[in-house]
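Undergrad: Before I ask anything, here is the structure I am working with.
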Amino acid sequence: YKDMANLMSKFMALGLSVQDVVLRSTWYPAKIINRPELGNLSVGSEADVAVFSLEKGNFGFVDINREKMMGTQKLTAELTLRAGKIVYDLNGLTSPLYRAGK
């Protein structure tokens, strides 16, 4: 797969809701590997957070056999925090605005 957002988008193209895809990509895997401190935002849990935008339109998703499925929604990772620190910020959401001539 290309990245986690692309994989999650493929599952939405297969008919899962965005809520179900997020649950199955976070809490369920953490539970399966017996890591209850992961996959949720409870007090005492690791502050690993991904912020996604949900785009609507017509999107093609290619599988491992190079076959394409079509979907009408696509997730894009906008911001990622690891242990509470920003490690990825696609569009500078947390950056100050540029001011010419300062």
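Using our numbering, the first residue of the sequence shown is number -10, and each one after it goes up by one. Backbone N, C-alpha and C define an ideal beta-carbon position, used for all residues, glycine too.
DSSP puts residue 69 in a beta bridge; with which residues?
TA: Along the sequence shown, read from residue 1 onward, the residue named residue 69 stands at position 80. Bridge partners of residue 69: 39 and 77.
Undergrad: Alpha helix (DSSP H) containing residue 18: first to last residue?
TA: Position 29 of the sequence shown holds residue 18. Residues 16 to 21.
Undergrad: If the criterion is Cβ atoms closer than 7 Å, does the pair residue 66 and residue -6 meet it?
TA: In the sequence shown, counting from the first residue as 1, residue 66 sits at position 77. In the sequence shown, counting from the first residue as 1, residue -6 sits at position 5. Result yes, Cβ atoms of residue 66 and residue -6 sit closer than 7 Å.
Undergrad: Could you have a look at residue 91 and say whether DSSP puts it in helix, strand or coil?
TA: For this step, residue 91 is matched to residue 102 along the sequence shown. Correct three-state label for residue 91: coil.
Undergrad: Tell me which residues share the same chain as residue 78 and place their Cβ nearer than 6 Å to its Cβ, disregarding the 5 neighbours each side in the sequence.
TA: Locating residue 78 in the sequence shown gives position 89, where the first residue counts as 1. Cβ neighbours of residue 78 beyond the five flanking positions: 68.
Undergrad: Can the beta-carbon of residue 36 be found less than 7 Å from the beta-carbon of residue 73?
TA: Locating residue 36 in the sequence shown gives position 47, where the first residue counts as 1. Locating residue 73 in the sequence shown gives position 84, where the first residue counts as 1. Yes, the pair counts as a contact, with Cβ atoms nearer than the cut-off.
Undergrad: Quick check: the segment 49 to 63 against the segment 22 to 37, are there 3 or more CB pairs under 8 Å?
TA: Judged by Cβ distances under 8 Å, the segment 49 to 63 makes no contact with the segment 22 to 37, as fewer than three pairs qualify.
Undergrad: Taking residue 40 as the reference, give the member of 19, 46, 15 and 87 with the closest Cα.
TA: What you label residue 40 is simply residue 51 of the sequence shown in a count that begins at 1. It is 15.
Undergrad: I'd like to check one pair, residue 49 with residue 59: are the Cβ atoms closer than 7 Å?
TA: Here residue 59 refers to the residue found at position 70 of the sequence shown. Here residue 49 refers to the residue found at position 60 of the sequence shown. Against a cut-off of 7 Å, the Cβ pair of residue 49 and residue 59 comes out as a contact.
Undergrad: Count the other C-beta atoms from every protein chain shown that fall within 10 angstroms of the C-beta of residue 30, then say buried if there are 16 or more, exposed otherwise.
TA: Mapped onto the sequence shown, residue 30 falls at position 41. When all chains shown are included, residue 30 counts as exposed.
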